[in-house]
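If you count by this note's numbering, then the sequence shown holds residues 4 to 125, one letter each, in order. The beta carbon of each residue, even a glycine, is placed where N, CA and C say it ideally should be. What you are looking at is a predicted structure, and each value in this text was computed from that prediction instead of being measured. For reference, the structure is listed below as structure tokens.
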Amino acid sequence: MDRRVLRDDQWERITPLLPGKAADCGVTAKDNRLFLEAVLWIIRTGSPWRDMPPEFGHWHRVYVRYNRWSHKGIWKRVFETIAGDPDLEYLMVDGSIVRVHQHGAAQKKHKQNRPKVDLVVD
Numbered sequence: 004m005d006r007r008v009l010r011d012d013q014w015e016r017i018t019p020l021l022p023g024k025a026a027d028c029g030v031t032a033k034d035n036r037l038f039l040e041a042v043l044w045i046i047r048t049g050s051p052w053r054d055m056p057p058e059f060g061h062w063h064r065v066y067v068r069y070n071r072w073s074h075k076g077i078w079k080r081v082f083e084t085i086a087g088d089p090d091l092e093y094l095m096v097d098g099s100i101v102r103v104h105q106h107g108a109a110q111k112k113h114k115q116n117r118p119k120v121d122l123v124v125d
């Protein structure tokens with residue numbers, strides 16, 4: 004089943020913004036389009052990373068790469084480039100309108116109150 008979201012013309016606009024080109028230092032990315040389609044699938048469906056279909060690769064490796072790109076500002080550049088495309092307007096969502104699943108939120112740390120014990124020494 005083809006799960007592609009991006010058309011070829013959209014992909015051509017985004018490709019120069021992505022790391023891993025042959026001219027870049029380091030490892031050449033072989034699967035940037037598959038990776039981008041995996042992230043778009045997560046965004047489109049709202050599914051947890053663990054539920055990502057296996058044809059996109061191992062969910063944890065995709066998440067780690069997604070997180071690295073987030074810290075480097077790559078997603079910002081990509082979304083600024085595609086923001087004017089009406090076919091992808093559903094991807095422009097911010098945290099003010101999306102609720103985090105209860106398991107995705109940070110856990111509150113509770114201080115453990117230990118009962119005070121009076122030691123009686125005879």
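Look up H74 in the DSSP assignment and say whether it is helix, strand or coil. In the three-state scheme derived from DSSP, where H, G and I count as helix and E and B as strand, H74 is classed as helix.
Under the three-state reduction of DSSP, which class applies to R7: helix, strand or coil? Coil, per DSSP.
Tell whether a beta-carbon distance below 8 Å holds between L20 and N35. No Cβ-Cβ contact shorter than 8 Å links L20 with N35.
Measuring only the C-alpha atoms, how far is P56 from W14? C-alpha of P56 to C-alpha of W14: approximately 21 Å in a straight line.
What are the start and end residues of the alpha helix (DSSP H) that includes T18? Segment: none, T18 is in no alpha helix (DSSP H) and carries neither H nor E.
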